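Sequence lines, in order, name chains A and B. Here the working numbering is used: the first residue of the first sequence is 1, the next is one more, and so on. Here the working numbering is used: the first residue of the second sequence is 342, the next is one more, and so on. We treat Cβ as the ideally placed atom computed from N, Cα and C, and that holds for glycine. Quick caveat, the model's predicted, so the values are computed rather than measured. Below you'll find the structure, written out as structure tokens, and then a few comments.
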Amino acid sequence: MFGYVIRRILATIPVMGVVAIFVFLLLHLTPGDPAAVIAGDYASPADVERIRETLGLNRPLHIQFFTWAGQLFQGDLGVSIFSKQPVIKLIGQRIEPTLALATTTIIFAVLLAVPLGVLAAWKSGTWIDRSVMVFAVLGFSVPIFIIAYSMIWTLSIHLHWFPVQGYKSFLIQTGTGIDGAAIIGIGFEGICRDSGRAGCGLVPFFRHIALPSIALGLVYVALIARITRASVMEVLTEDYIRTAHAKGLSPRVVLIRHALKNASVPIVTIIGIGIALLLGGVVVTESVFNIPGLGRLTVDAILHRDYPIIQGLILIFAGVYVLINLLVDISYTFLDPRIRY
Amino acid sequence: MISKHLQSFMRIGMSALLASAVLGFSAGSVMAEKVLRVAPHADLKNLDPIWTTAYITRNHGYMVYDTLIAMDGDLNPQPQMLEGWDVSDDGLTYTFTLRDGLKWHDGAPVTSVDCIASIMRWSKRDGMGQKLADFTKSMSRIDDKSFKLVLNKPYGLVLASLGKISSNVPFMMPVRLAMMDAFEAVPEIVGSGPFVFDKDAWVPGAKVVYRKNTAYVPRSEPASYAAGGKRVHVDTVEWIYIPDAATTMNALVAGEIDFWESPAVDLVPSMEGNADITIKVIDPLGTQGWLRPNHLNPPFDNPKARQALTHMVNQEDYLRAIIGDEKFWSTCPAYFMCGTPLDTDIGSEALVKQDLAKAKALLKEGGYNGETLILMDPTDIPVLHGASLVTAQMLRDIGAKVEVQAMDWSTLTSRRAEKKSIADGGWNIFHTYSTGADVSSPIANIGISGGCEEKAWFGWPCDRDGPDSLEGLRDAFSEESDPAKQKAIATKLQARAYEVVPYVNYGQWFQPTAYRSSLKGVLISPVPFFWNIELN
Chain A
1 MFGYVIRRIL
11 ATIPVMGVVA
21 IFVFLLLHLT
31 PGDPAAVIAG
41 DYASPADVER
51 IRETLGLNRP
61 LHIQFFTWAG
71 QLFQGDLGVS
81 IFSKQPVIKL
91 IGQRIEPTLA
101 LATTTIIFAV
111 LLAVPLGVLA
121 AWKSGTWIDR
131 SVMVFAVLGF
141 SVPIFIIAYS
151 MIWTLSIHLH
161 WFPVQGYKSF
171 LIQTGTGIDG
181 AAIIGIGFEG
191 ICRDSGRAGC
201 GLVPFFRHIA
211 LPSIALGLVY
221 VALIARITRA
231 SVMEVLTEDY
241 IRTAHAKGLS
251 PRVVLIRHAL
261 KNASVPIVTI
271 IGIGIALLLG
281 GVVVTESVFN
291 IPGLGRLTVD
301 AILHRDYPII
311 QGLILIFAGV
321 YVLINLLVDI
331 SYTFLDPRIR
341 Y
Chain B
342 MISKHLQSFM
352 RIGMSALLAS
362 AVLGFSAGSV
372 MAEKVLRVAP
382 HADLKNLDPI
392 WTTAYITRNH
402 GYMVYDTLIA
412 MDGDLNPQPQ
422 MLEGWDVSDD
432 GLTYTFTLRD
442 GLKWHDGAPV
452 TSVDCIASIM
462 RWSKRDGMGQ
472 KLADFTKSMS
482 RIDDKSFKLV
492 LNKPYGLVLA
502 SLGKISSNVP
512 FMMPVRLAMM
522 DAFEAVPEIV
532 GSGPFVFDKD
542 AWVPGAKVVY
552 RKNTAYVPRS
562 EPASYAAGGK
572 RVHVDTVEWI
582 YIPDAATTMN
592 ALVAGEIDFW
602 ESPAVDLVPS
612 MEGNADITIK
622 VIDPLGTQGW
632 LRPNHLNPPF
642 DNPKARQALT
652 HMVNQEDYLR
662 AIIGDEKFWS
672 TCPAYFMCGT
682 PLDTDIGSEA
692 LVKQDLAKAK
702 ALLKEGGYNG
712 ETLILMDPTD
722 IPVLHGASLV
732 TAQMLRDIGA
742 KVEVQAMDWS
752 TLTSRRAEKK
762 SIADGGWNIF
772 HTYSTGADVS
782 SPIANIGISG
792 GCEEKAWFGW
802 PCDRDGPDSL
812 EGLRDAFSEE
822 SDPAKQKAIA
832 TKLQARAYEV
842 VPYVNYGQWF
852 QPTAYRSSLK
862 GVLISPVPFF
872 WNIELN
């Protein structure tokens, strides 16, 4: 097992290398010019050319690649062409909202979808099953922005239960260290660590993250519920389930301990894929709810051809995908003792 | 063992929660910071307003920096950082004197050397600045508070140039920054303006924070455009970039933001009945749409074919398609905008009355032989996408074959710089727009330049031979200081422009602004300014 994990981690190195080369070439061969964007609409062609020169964008492609790769090996993702901020800092500013959104979304989706799927399988063919499946079809079919705007309209604008937009960190300043630096912790409500102003903490966090999580989570609820239902239904026809019933075990024990556990491999797989998709697929939700996360950073960087940011983000996304796949594979060994690496 | 650790962890966690709840309560109750929350028209990506001409960076520049001279509501230059100026009898020497109390945000005093260096850096990037540099013989320090600009021949736009209201604005910077290459961004943001940029709170793509500059001494005059007293009535201004228009509207309605710089015009009716929201056009000059043909590629290398475009365009069709509500647009044939001192309708008969038959005939006379015209369509900018579709249909109506190439704006800005033939990937037409502040003067209006491949803007119109050419008339305008004579030259220039057709003006529109009705003192100006505003 340990050897397998090491082999898988080592195997990510060539994967990341291929991703790096592919992304770099793709970006630089795509039309679009950051120098022209920087110079603005009213700059002369000569000005644009001069800016391109100062940014090093007119150097041969292989030189640009090796410069970037050299920085990468030293752990430096470069500097944004536009804001001149280190890419790692920009990603650092955005990672918390995206991780928070992805985590709350997946928790919400799993907590709702798995029981619904099990219930639908258990009550297969009844109105409960049909209701869950209608809900699943709706969850798939209705675009996120429709759900999002509807919730904003009713719950934020009319009922004032939730804010319309924005993100508030759950981290707050809990005190000051002996060196004068703020001590950061988790609390219900307190002073934000970045702005020094009140309005952060768990309460504001959940008020701001609830609607985006529900809007984004519904599609995953639908997906996971369907897979859970299909998987549990398949297991419920197995001989050992019949045996368990014959032994006189209660339906709840049969369902949870025998059926759900044995049906969990495909469910865990789809949850893993869901987490990976969430990290890269939060763009619409982040835009509609104005959450300053990685999705928006990616889109902005692509629109402006901010190459270092795009390259850094794609490498990080690729790394996360590889890591999640690895974790899912490892989890199989716990869920199904027959699987060994 | 485990339970012991768990208990200990929970104890610490609960203490932190309780402590933070108390802290949060006390902090919230003592803070009464006045924060103006603004949704700007774009994300602030670049911080150096000399390095880029982007309007959002210009607006940022006005927050942080100050100018020697500023335009007032009558478009007259007024002293801003200056106490005043003297002009020698021969009109060749300008002596500028700084007013008292000017300080950089780092506490150092503003000196004449800072200003000389700032003017020099700006003049390397800005069209009007380059023109001023061409006429400048020398600039020299007299003392810490005054300096001298000596011209090699009379130039009528010295004050207008230094008081230029739109990009690139000649903002003043400390000499250590102003000495930097104008083609590289300055590494730190230190100005002398009414707000201080909070670098630590800046989240590119999301939020920009400005703190009130408590050391700033405003002028005594009332604020008027960029001129007058810049009195700040809030502690902090936050620019919260919200990419989605519907979300921005909802945030404004819910009171989560106070000021929305550029609401989508189609969302305005949803807010108009709301007493908490004020909808107002604060830019009286408006915006002008440009249909830009490529003067290097056939058929638009021929003036007849370009004149065909003038006969083809019906401004009303464009404005209805891209803006809609009639109260936010007007047809306007003036190259230098309607409602400005240089407004004239001379030469505009072809544009005022659409004549598709004449356009078709002129296109043929211009050498059009049925080849496919390449129209670049930036689909990510709704106004330009709409204008592109209208033009494509009109071109088809006059018998042209059109290929509408969809792309994002970033790709377009790259493609438009290509001077290649159509066969090699070149282009024929693209659309853009420019604010009134940028086109209301023949020198600031880069679209009207006939400077050919070397000096003209993308599309490269070429008309520079003789005093009656576009360039000849622009030069004559710049050398004239008498407003009446300037108007006469601008009139001749427009008549010539309708012959050469550097671009076709497809209409003038007025971008509304939406803000909470509780705000008082929102200034009327082509640039959104955030001084003078009070939160009630």
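Going by the beta-carbon positions, is the gap between residue i and residue j smaller than 8 Å?
i       : j       : result
M513(B) : Y406(B) : yes
L811(B) : P843(B) : yes
I209(A) : A198(A) : no
S290(B) : T436(B) : The question about residue 290(B) has no answer, for chain B in this structure spans 342 to 877.
V531(B) : P515(B) : yes
T434(B) : V491(B) : yes
F677(B) : N554(B) : no
Q165(A) : A592(B) : yes
Y342(A) : P115(A) : This structure cannot settle anything about residue 342(A), because the visible part of chain A is limited to 1 through 341.
A244(A) : V232(A) : no
D738(B) : L697(B) : yes
L860(B) : L834(B) : no
Based on the DSSP output, what are the partners of residue i in its beta bridges?
i       : result
M412(B) : P418(B)
I241(A) : I241(A) is not bridged to any residue.
E424(B) : BP columns for E424(B) are empty, so no partner.
H772(B) : L632(B)
V516(B) : Partner(s): none; V516(B) has no beta bridge.
R378(B) : E579(B)
V537(B) : R552(B)
S342(A) : Because chain A here runs from 1 to 341, residue 342(A) falls outside it and cannot be looked at.
Residue i CB to nearest chain A CB: under 8 Å?
i       : result
R466(B) : yes
R661(B) : no
K386(B) : yes
T749(B) : Inspection of the sequence shows that residue 749(B) is occupied by Asp rather than by Thr. Yes, contact with chain A.
V549(B) : no
S344(B) : With a pLDDT of 44 at S344(B), under the threshold of 50, the modelled position of this residue cannot be trusted, and the question is left open.
G369(B) : A caution first: G369(B) carries a pLDDT of 42, below 50, which makes its placement in the model unreliable, though a value can still be read off. Interface residue, yes.
Are the C-beta atoms of residue i and some chain B residue less than 8 Å apart?
i       : result
S331(A) : no
G40(A)  : yes
Q165(A) : yes
G32(A)  : yes
I157(A) : yes
I152(A) : yes
L255(A) : no
F82(A)  : yes
P45(A)  : yes
Y307(A) : no
V48(A)  : yes
Q36(A)  : With the sequence shown as reference, residue 36(A) is identified as Ala, and Gln is not the correct amino acid for it. Yes, A36(A) counts as interfacial toward chain B.
Which residues mark the beginning and the end of the beta strand (DSSP E) in which residue i is found?
i       : result
R857(B) : 853–857
W122(A) : From DSSP, W122(A) is part of no beta strand (DSSP E) but of the alpha helix (DSSP H) over 87–122.
On the criterion of 16 or more Cβ atoms from any shown chain inside 10 Å, does residue i qualify as buried, or is it exposed?
i       : result
P563(B) : exposed
R7(A)   : exposed
I275(A) : buried
N769(B) : buried
L364(B) : Any answer about L364(B) is weak, because its pLDDT of 42 lies below 50 and its placement is not dependable; what the coordinates show is given next. Classification of L364(B): buried, given that the 10 Å Cβ count is 16 or more.
A411(B) : buried
P97(A)  : buried
K168(A) : buried
H726(B) : buried
A764(B) : exposed
R296(A) : buried
S858(B) : exposed
Return the first residue and the last residue of the alpha helix (DSSP H) that residue i is part of.
i       : result
G813(B) : 811–820
K489(B) : That residue, K489(B), is in no alpha helix (DSSP H); its beta strand (DSSP E) goes 487–492.
P204(A) : 202–236
G470(B) : 468–476
E759(B) : Counting along the chain, E759(B) falls outside any alpha helix (DSSP H), and DSSP gives it neither H nor E.
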